Amino acid sequence: MNGTTLVRVGVGANLSGAFAVLHTVYQARWLRVTNLHLVNVSLAAVTVNVCAVVKGGTPDVTNALLWGFSIPASDFIEASEGLMLPPGSSIQALCSTPGAINLYFSGEES
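Take the sequence shown: its position 67, counting from 1, is numbered 211 in this note's numbering, and each next residue is one higher.
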C-alpha cells in the first residue's frame, strides 16, 4: 500500500444558462473522472457545454469535454473513465435552456 488516500467525489446538478463550477479538485490531489451522465428532462433538444478548466482558466472550446453538444428531448448521454484533472482544476458546465439538463458527475481524488 502506497499510503495514498482515495476520496470518492460526486455531484448532481441542474444546469443553468451560465457556466457554473460543479466540482473543484482538492489542491493536493488529482481527480480521475469515473462517470459523466447528462439527462435532458425537457421536451425539446438542448445544447450543453462541459469543460475541464485548469486553475485560473476560463471555460471555452479549448478545454471542452462537450461543446455545443445537442441532447435530444427526454434523452441522455454518458461518458466514463479516462479523464485526469490536476489539483485546483474544475468541471464547469452550462446548457442552452436553464433547468433542462441534469448532470451527474462522479470521480476519485488521490
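By construction, the Cβ of each residue, glycine as well, lies at the ideal position given by its N, Cα and C atoms.
Note that this is a predicted model, so its numbers are computed, not measured.
Report the residue from the options whose alpha carbon sits nearest the alpha carbon of residue i.
{"i": "residue 209", "options": "218, 199 and 227", "result": "227"}
{"i": "residue 235", "options": "241, 243 and 200", "result": "200"}
{"i": "residue 240", "options": "151, 156, 167 and 184", "result": "184"}
{"i": "residue 211", "options": "164, 237 and 154", "result": "237"}
{"i": "residue 190", "options": "167, 203, 161 and 252", "result": "161"}
{"i": "residue 153", "options": "164, 163 and 173", "result": "173"}
{"i": "residue 214", "options": "194, 203, 163 and 249", "result": "194"}
Rounded to a whole number of angstroms, what is the C-alpha to C-alpha distance between residue i and residue j?
{"i": "residue 197", "j": "residue 169", "result": "10 Å"}
{"i": "residue 156", "j": "residue 182", "result": "10 Å"}
{"i": "residue 222", "j": "residue 158", "result": "16 Å"}
{"i": "residue 219", "j": "residue 171", "result": "35 Å"}
{"i": "residue 207", "j": "residue 180", "result": "16 Å"}
{"i": "residue 147", "j": "residue 253", "result": "Its pLDDT being 48, under 50, residue 147 is placed unreliably in this model, and the coordinates cannot settle the point."}
{"i": "residue 205", "j": "residue 167", "result": "19 Å"}
{"i": "residue 186", "j": "residue 192", "result": "13 Å"}
Leaving out the 5 sequence neighbours to the left and right, which residues in its chain are closer than 6 Å to residue i when beta-carbon positions are compared?
{"i": "residue 188", "result": "217"}
{"i": "residue 229", "result": "169, 175 and 196"}
Can you name, in chain order, every residue of its own chain whose Cβ lies under 7 Å from the Cβ of residue i, other than the five neighbours on each side?
{"i": "residue 233", "result": "169, 196, 197, 198 and 199"}
Please classify residue i as buried or exposed, where buried requires at least 16 neighbouring CB atoms within 10 angstroms.
{"i": "residue 243", "result": "exposed"}
{"i": "residue 177", "result": "buried"}
{"i": "residue 151", "result": "exposed"}
Quick one: what's got a C-beta closer than 8 Å to residue i's C-beta in the same chain, skipping five residues either side?
{"i": "residue 246", "result": "156, 157, 158, 159, 182, 183 and 185"}
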